[in-house]
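**Q** Read top to bottom, the protein sequences are chains A and B.
With positions in the first sequence counted from 1, the corresponding number in our numbering is that position plus 14.
With positions in the second sequence counted from 1, the corresponding number in our numbering is that position plus 65.
Here a beta-carbon is modelled for each residue, glycine too, at the ideal position from N, C-alpha and C.
One structure coming up, written as structure tokens, with questions to follow.
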Amino acid sequence: MLWILFLLLSLCWSHELWIEKRGGEYVLLYGHLRPGSGEEAQVRYDPSRVHSFECFDSEGRRLPSQIVSEYPVRLRGKCQMVQANLSSGYWTKTPEGLKNLPREEVKNPIESWYSVETVRRIEGRILAKTPLTDGLEITLLEDPSSLRTGQKFTVAVYYGGKALRDVPVYHNGRVVGTTGDDGRINLRVREKGMQLIGVSVREKDQKGRADYTLRTFYLLFEVGR
Amino acid sequence: MKRVFIALLSFAGFSLAHHGVASLGAVGLEGPGAPLESSSSATLPEGSWLLYTKLDSVRWRKYSFSDFPDQKDRSDFWMLGIGYGLRSWLSLYVFAPYNVKKELRDGGERSFTSRGFADPSIMAVLGFKYDGGLRLIPRRESLEDMMDWHFTLYGGVSLPTGDANRKGYMGEFAPDMASGFGKPTITAGFTATKQMVNLPELTFVFDASYLKFFEHRYNTGDRYRFGDEFRANTALVYRVFRSQEKSLRLDLLTELNYLHLQKDRENGISVEDSGGDVVYGVFGGRLYYRRASLGAGVKLPLWKDLNQQSQQQGAEGKEKYRLIITLSLIF
């Protein structure tokens, strides 16, 4: 019997990670895609925190590209899909606020985590409907060019190649629900433009310098109508 | 760091007609709103329990005691209920009504009050939705899924355990003051609910139901059958406030409730001063905090066409007002 039917989902969505297309370049940005009152639109990050920035075809095969490793980190290439991986490092919550430091380097730590964020931007139809990696991943089950404002669409969340259930899903600034047994959830295009979908999972921090590692994956695509 | 909270839970509220009809409503902090009297199309989450209570407190309009020596004064219809989500698309409920009915007698010089538990009822609600086709309510829905058209079919039957033979003030035959109907009553209904995609604060609800009574032979030898009831309700619920951090939500709501009452029949003969048509308006609100929902409103007869309007003091349509308060808790 399920006793817990009241789902109070508490998620820590710090800043968002996304990729903008500017001319022939893909630009990796960090901050708030749709900043609220008092929120910064963009937060400068250390380019050395970007662990990867890659270009793929529609079947997930890596394509040659060129990375410009200065802020903001950019990628040049003809890509159907681009994916970047960034770690903002250790974060520790304290009575004085949030510190970008591991737990042992702050006084009175309350909660700490190591943040690893991945963003995937898809440009056209991605043929693979199954996960492309063994990591945390969101797969779009529709052709993004077929979507229009007001329409529902489905994504599936995987981790370790398996559907991830009961994970809260974030879409353009709000959590819209949790995945079902098949890892799927239905979302809706609320407004044209960028669709930023995120999921996070917590796992044990291998280095023991934080309470947990927080892995976040963002899927990004644009809807033009 | 921005913290995002959300509660995807459902709360349910129930409607109580004068004879004890239960219906459904549901809401989350961001989900569709729930009315007070109409039934919404929400089902309980699978495996969840619901505790519920509702008061429908009626003040009857009174007239000259020279014309009406005996008049209904007030009625308090309490409803206690428990629900369980057997499946995401099937909810089961048990309701126990407790009624207090007060009359003023002998020109208002005396009063008579009948109180007690009335016939309990069991109900089942089957939920389905339109999402590219009709389908049963899935175990998990996103907030976007909740904005699809949702429907329910519901039905129930009461168990005649109340005291149908309770006598009136002077020991007279008074079926309307009894706490039971003597026979099971059957309810069947349909609901449709839509949370607007472009204005998610607004929820539209439609609800239609039929309540069937059967003739009962009382200890006095009299046979009496209450008139069947048909309802068609619409509601608009508007979310005016929501705080995810505080798990708090406030909705304002308005409803139009149409009620058609057939004439009662006593010993096979229609009771002329019974039955008719009434349209009620409901104005109220609903406050949600964590797992609890508190609803309150006033229900007023806006229009009526009673069969013998001048003789039906104490009947539907002759209220000054009805005060409705509900409290529900899901766990």
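1. S105 (chain B) touches chain A at which residues, Cβ-Cβ below 9 Å?
2. If you measure beta-carbon to beta-carbon, which residues of the region 263-290 of chain B are closer than 9 Å to chain A?
3. Indicate whether at least one CB of chain A lies closer than 7 Å to the CB of S207 (chain B).
4. Considering E168 (chain B), what are the terminal residues of the beta strand (DSSP E) in which it resides?
5. Taking 7 Å as the CB-CB limit, is D210 (chain B) close to chain A?
6. Do you know offhand how far E174 (chain B)'s Cα is from E384 (chain B)'s?
7. If contacts are defined as beta-carbon pairs under 8 Å, then I199 (chain A) and V215 (chain A) qualify, I think. What distance do you get, rounded to the angstrom?
8. Would you be able to state if there are at least three C-beta pairs under 8 Å between the region 306-322 of chain B and the region 347-365 of chain B?
9. Within the same chain, show all residues whose beta-carbon is closer than 7 Å to that of P225 (chain B), passing over the 5 residues directly before and after it, in chain order.
10. Whether or not the region 102-114 of chain B and the region 353-360 of chain B are in contact is what I'm after, with contact meaning three or more pairs of Cβ atoms, one per stretch, closer than 8 Å; do they touch?
11. Whole angstroms is fine: what's the gap from R204 (chain B)'s alpha carbon to S274 (chain B)'s?
12. Is the beta carbon of D370 (chain B) sitting closer than 7 Å to the one on G341 (chain B)?
13. Going by DSSP, what residues sit across from A297 (chain B) in a beta bridge?
14. Less than 7 Å between CB atoms is the rule here; does N200 (chain A) satisfy it with respect to chain B?
15. Pick out whichever of B:G349, B:G292, B:A297, B:M211 has its Cα sitting closest to the Cα of S404 (chain B).
16. Under 7 Å, do L115 (chain A) and Y128 (chain A) count as touching if we go by C-beta distance?
17. Contact defined as beta carbons within less than 8 Å: I believe L42 (chain A) pairs with V64 (chain A). What is the distance between those atoms, to the nearest angstrom?
18. Please list, in chain order, the residues of the region 178-207 of chain A that have any C-beta partner in chain B closer than 8 Å.
19. I need the straight-line Cα distance from K121 (chain A) to A99 (chain B), nearest angstrom please.
20. With distances taken Cα to Cα, identify the nearest neighbour of L264 (chain B) among A:M208, A:E217, A:R204, A:K218.
21. Any idea what DSSP makes of L89 (chain B), helix, strand or coil?
22. Using three-state DSSP, classify R5 (chain A) as helix, strand or coil.
23. Let me check understanding here. Comparing Cα to Cα, which of B:G236, B:K194, B:F238 lies closest to S217 (chain B)?
24. Check whether the Cβ atoms of V165 (chain B) and R387 (chain B) sit closer than 7 Å, and answer yes or no.
25. Sort A:Q209, A:E30, A:V171, A:T153 by Cα distance to V45 (chain A) and report the nearest one.
26. Where do the N-terminal and C-terminal ends of the beta strand (DSSP E) with H46 (chain A) fall, by residue?
27. Could you give the DSSP three-state label for R223 (chain A): helix, strand or coil?
28. Look at the alpha carbon of L159 (chain B) and the alpha carbon of K259 (chain B), and state the distance between them as a whole number of angstroms.
29. Would you identify the three-state DSSP class for E34 (chain A), choosing helix, strand or coil?
30. Could you check whether F235 (chain A) and I136 (chain A) sit closer than 7 Å to each other, using their CB atoms as the reference points?
31. Which same chain residues end up closer than 6 Å to R288 (chain B) when comparing Cβ atoms and leaving out the 5 residues on each side of it in sequence?
32. Between which residues of its own chain and M15 (chain A) is the CB-CB distance below 7 Å, once the five residues before and five after are set aside?
33. Only counting runs of 3 or more residues, tell me where the beta strand (DSSP E) segments fall wholly within the region 117-197 of chain A, in order along the chain.
34. Any beta carbon from chain B within less than 7 Å of K166 (chain A)'s own beta carbon?
35. By DSSP, does D241 (chain B) sit in helix, in strand, or in coil?
**A** Looking at the atomic coordinates:
1. Neighbours of S105 (chain B) on chain A: none; closest Cβ ~17 Å, over 9 Å.
2. N263
3. yes
4. 155-170
5. yes
6. 21 Å
7. Not really, about 15 Å apart at Cβ, beyond 8 Å.
8. yes
9. D184, G245, F246, G247, K248, P249
10. no
11. 26 Å
12. yes
13. B:A273, B:Y323
14. yes
15. With chain B represented from 66 up to 396, any question about residue 404 (chain B) goes unanswered, as that position is not in the structure.
16. no
17. 6 Å
18. P182, V183, Y184, R188, V189, V190, G191, T192, T193, G194, D195, I199, N200, L201, R202
19. 48 Å
20. A:R204
21. Note on L89 (chain B): pLDDT 40, under 50, position unreliable in the model; no value is reported.
22. With chain A covering only 15 through 239, there is no way to say anything about residue 5 (chain A).
23. The question names Ser, but residue 217 (chain B) in the sequence shown is Thr. That would be B:K194, whose Cα lies nearest to the Cα of T217 (chain B).
24. no
25. With the sequence shown as reference, residue 45 (chain A) is identified as Gly, and Val is not the correct amino acid for it. Ranking A:Q209, A:E30, A:V171, A:T153 by Cα distance to G45 (chain A) puts A:E30 first.
26. Looking at the DSSP string, H46 (chain A) is not in any beta strand (DSSP E), and its letter there is neither H nor E.
27. coil
28. Sequence check: residue 159 (chain B) is Val here, not Leu. Distance between the alpha carbons of V159 (chain B) and K259 (chain B): 27 Å.
29. strand
30. yes
31. E280, R282, N332
32. Confidence in M15 (chain A) is poor, its pLDDT being 25 and thus under 50, which makes the residue's placement unreliable; the coordinate value appears in the next sentence. Here the set comprises nothing.
33. 125-136, 151-154, 166-173, 182-185, 188-192
34. yes
35. helix
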